[in-house]
Amino acid sequence: MIRLYFKHAFRDIIKNRLLNAAAVITIAFSVVITSSFILFFVNSTDMLNLWKKGIKIMVYLYPDVPTEIVPEIQKKLSGMYGVQDVRFISKGEALEILRGQMKKQSSLLENLKENPLPDAFEIRMIPSSRPWEKTESLAAQIGTIPQVEEIEYGQKWLTRFSYIIKIFKLTGYAFGILFFIASVFIVANTIRLVLYTRREEIVIMRLVGASDSFIKIPFYIESVIQGALGGIIGLTLLFIVYLSILSNVDQGVTSGLINVKFFSLGIMSLILLCSMFTGWLGCFLSLKNFLKTV
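Residue numbers (the numbering used here): -3 to 290.
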C-alpha cells in the first residue's frame, strides 16, 4: 500500500512538474533567506561571546598621578571582586609597545618631544566575572578611584555590535514568518490545482468506497517531497555562498579572531524538517477545503 501511495505521489510530481517546481523554488528561496539570517546570528553571537571572554579592562591614570602611589592603586584594584590579576604598564613601556606595533609607521613617532601616553593598568578578570553585566559593574567600581581618568573595555563597540545582532534577529524573524506564509500559500495553491485536475478521479474513488486517508496520503507525500527538495536545494545554495565568502576572506588576518562556521548537522536537520512541515501544512490546508466541496 505504501508503495502505491509513493507511486501516485511521484506520478503527480512528474505530471505537474512546472507547478511543483514553482513550489520547490519558493521553499528553497525561503530557506536561503531565512537561514542566512540564522547563520549570521549564530556566528555573530559566538564571536561576541568569544570577544567578551577575552575582555581586558584598561585603566588609564591622570598624567599628574605620583609614581609613589601606583602600588597602592594596584593593591586596591587587585582586591576588587572579580579581578584575577593586575599589570601596571608605565607610559614608557606603553610607548615601546606602540613602537613595536607600528614598525612600518615608525616615522610617525620619531619626532615626539614628549610621551603622550598615560600610565595604565591592564586588568584580567576571573572567568565567572566575565559576563557583560559583571564587567560593567567592576568598571563602575574602578571609576570611583580618584586617580583614574578613563576606563576602556570595548563597551561602545560591543554595545553597538549587540544592538546590530538584535536588529538582524528581529529582521530574521520577520522574513522567516513572511516567507513561511508565502511558501505555505504557494504549496497550497499547487496542491489545489493538482486536486482540480484530478477532481473527477477523486469523485470516482469516493463512489467506489475509497477512504479520505487513501485520497490524502499521496498528496501529503507529494507536498513533503516538495518541502524536502526545497530545503535541500536551499541549504546547498547557502553552503555554496558560505564557501565562496570563506574563500575570499584572508585567513591570516582573521585567524584566532573570527571563526565562521556553517550549520551543524542538527540545525540542518531541523531546517529540513521545517521545510517539510511547510509543504505538509500547505497540503493540509488545501485538502481540508477541497474535500468539503467534493
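Note that the Cβ used here is the ideal one computed from N, Cα and C, for glycine as well.
Buried or exposed (CB count within 10 angstroms, at least 16 for buried), residue i
i, result
"A24", "buried"
"T131", "buried"
"N285", "exposed"
"E218", "buried"
"V183", "buried"
"R195", "exposed"
"F181", "exposed"
"N292", "Residue 292 falls outside the range modelled here, since the chain spans only -3 to 290, and no answer is possible."
"M121", "buried"
"I211", "buried"
CB of residue i within 8 Å of CB of residue j, strictly
i, j, result
"G377", "I267", "Residue 377 lies beyond the stretch modelled for the chain, which goes from -3 to 290, so this question has no answer here."
"L234", "V28", "yes"
"V61", "D115", "yes"
"A5", "I160", "no"
"V237", "V144", "no"
"K72", "Y149", "no"
"F295", "S26", "Since the first and last residues shown for the chain are -3 and 290, residue 295 lies out of range."
"G223", "S158", "no"
"T22", "A178", "yes"
"S31", "G230", "yes"
"F117", "F37", "no"
"N111", "G88", "yes"
Option nearest residue i by Cα separation, candidates the options
i, options, result
"Y291", "A90, P67, L113", "Residue numbering for the chain in the displayed model covers -3 to 290; residue 291 lies beyond these limits and cannot be assessed."
"V66", "E92, K3, S86", "S86"
"A213", "I21, K11, C279", "Note on identity: in this sequence residue 213 is Ile, with Ala being the wrong assignment. Here the closest residue by C-alpha is C279."
"F258", "M272, C270, I241, F273", "I241"
"I34", "A170, M121, F117", "A170"
"R83", "Q70, L261, E92", "Q70"
"R188", "E92, F215, F2", "F215"
"Y1", "S209, E64, G205, M43", "S209"
Span separating the alpha-carbon of residue i from that of residue j
i, j, result
"I141", "L94", "26 Å"
"R(-1)", "T167", "43 Å"
"I263", "T232", "14 Å"
"M76", "L134", "8 Å"
"I119", "D81", "6 Å"
"R156", "R7", "54 Å"
"L203", "L281", "23 Å"
"Y192", "V199", "11 Å"
"E92", "S265", "53 Å"
"T250", "M(-3)", "Unreliable positioning characterises T250 in this predicted model, as indicated by a pLDDT of 46, which lies under 50. A coordinate reading is not provided."
"E197", "I10", "18 Å"
"S207", "K162", "50 Å"
"D42", "L269", "24 Å"
"I173", "S74", "51 Å"
"L239", "S260", "15 Å"
"A90", "T63", "15 Å"
"M201", "N244", "58 Å"
Contacts around residue i, its chain only, beta-carbon distance under 7 Å, and the 5 residues preceding and following it disregarded
i, result
"G139", "I147"
"V256", "N39, L242"
"A17", "none"
Close Cβ partners of residue i (< 6 Å) along its chain, the five nearest in sequence each way excluded
i, result
"T186", "L15, A19"
"V190", "D8, N12"
"L277", "V180"
"K3", "none"
"G205", "none"
Nonlocal neighbours in the same chain, by C-beta distance under 8 Å from residue i, ignoring five residues either side
i, result
"F273", "G223"
"E68", "none"
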